[in-house]
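Worksheet: one structure, shown below.
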Amino acid sequence: MSQKTSQPRIVVGFSRSSASVAALLWALGEAALREAVVSPVHAWQWSGESRASYAPMGTWRCRDDELAAVRREVVRAVAELTPRPLTPPAPVIDQGPAVQVLLRHAEAADLLVLGSRPYDPDSPAPMGAVLAACLPRAACPVVVVTPGRAAPARRARQAALALSGRPPGVA
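Residue numbers for the sequence shown follow the working numbering, so the first one is 75 and each next one is one higher.
Here is the structure:
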């Protein structure tokens, strides 16, 4: 019987929305508890693919420039959100529709974490399209996190403090 030698991997969908921020914070806390690696995954599609051919050329950005700008923004956002003393995880920017990108990365993951708006039974679509498509098709368990609760941030902070050896009440 062989033992798994690599660290568990948690993939988290990250779009910089409040739901994905909550998902990232939850994933960071869970990763600290499991000694897992977090991979924030950002699905990106070049805006030039959806522009009308008659759109003013001055509004276009080349694919490489746009990708570099998105990469800088996502790296900065993940770094700012990661509680100290944790090291910010390196985000993955992958081109394609969000569902395809997330499912592809979840194939090699132990857990997929996705953010969702708070449940509203009166809503015609109680969950977003990406979540609805990923839930039945993911190759690993899926955790759904909603924003607006202090728990994900508190959990990540407590895990970070536990790893640093400081008691929970000490900053």
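C-beta: ideal position from N, C-alpha, C; glycine also. Remember, it's a predicted structure, so these values are computed and weren't measured experimentally.
For residue i, which of the options has the nearest alpha-carbon?
| i | options | result |
| --- | --- | --- |
| Arg191 | Arg83, Ala182, Met201 and Asp184 | Met201 |
| Val152 | Gln81, Ala105 and Arg90 | Arg90 |
| Leu155 | Ser113, Pro210 and Leu99 | Leu99 |
| Leu176 | Asp139, Cys214 and Thr161 | Cys214 |
| Arg211 | Pro198, Val173 and Ala199 | Val173 |
| Ala207 | Phe88, Pro198, Pro171 and Pro163 | Pro171 |
| Thr161 | Pro130, Asp196 and Gly103 | Gly103 |
Just to confirm the assignment, what range does the beta strand (DSSP E) spanning residue i have?
| i | result |
| --- | --- |
| Ser113 | Val111 to Trp118 |
| Arg83 | Arg83 to Gly87 |
| Leu185 | Leu185 to Gly189 |
Beta carbon of residue i, beta carbon of residue j: below 8 angstroms?
| i | j | result |
| --- | --- | --- |
| Trp120 | Arg137 | yes |
| Val86 | Val187 | yes |
| Gln81 | Ala110 | yes |
| Ser113 | Gly189 | no |
| Val149 | Pro159 | no |
| Pro221 | Ala96 | yes |
| Leu205 | Val217 | no |
| Ile167 | Leu141 | yes |
I'd like the span of the alpha helix (DSSP H) that includes residue i, first residue to last.
| i | result |
| --- | --- |
| Gly103 | Ser92 to Arg108 |
| Gln169 | Unbroken run through Gln169 is the beta strand (DSSP E), Val166 to Gln169; no alpha helix (DSSP H). |
| Leu177 | Ala172 to Ala180 |
| Leu141 | Arg137 to Leu155 |
| Leu205 | Ala203 to Cys208 |
Is the segment 143 to 151 touching the segment 180 to 191 in the sense that three or more CB pairs, one from each, lie closer than 8 angstroms?
-> no
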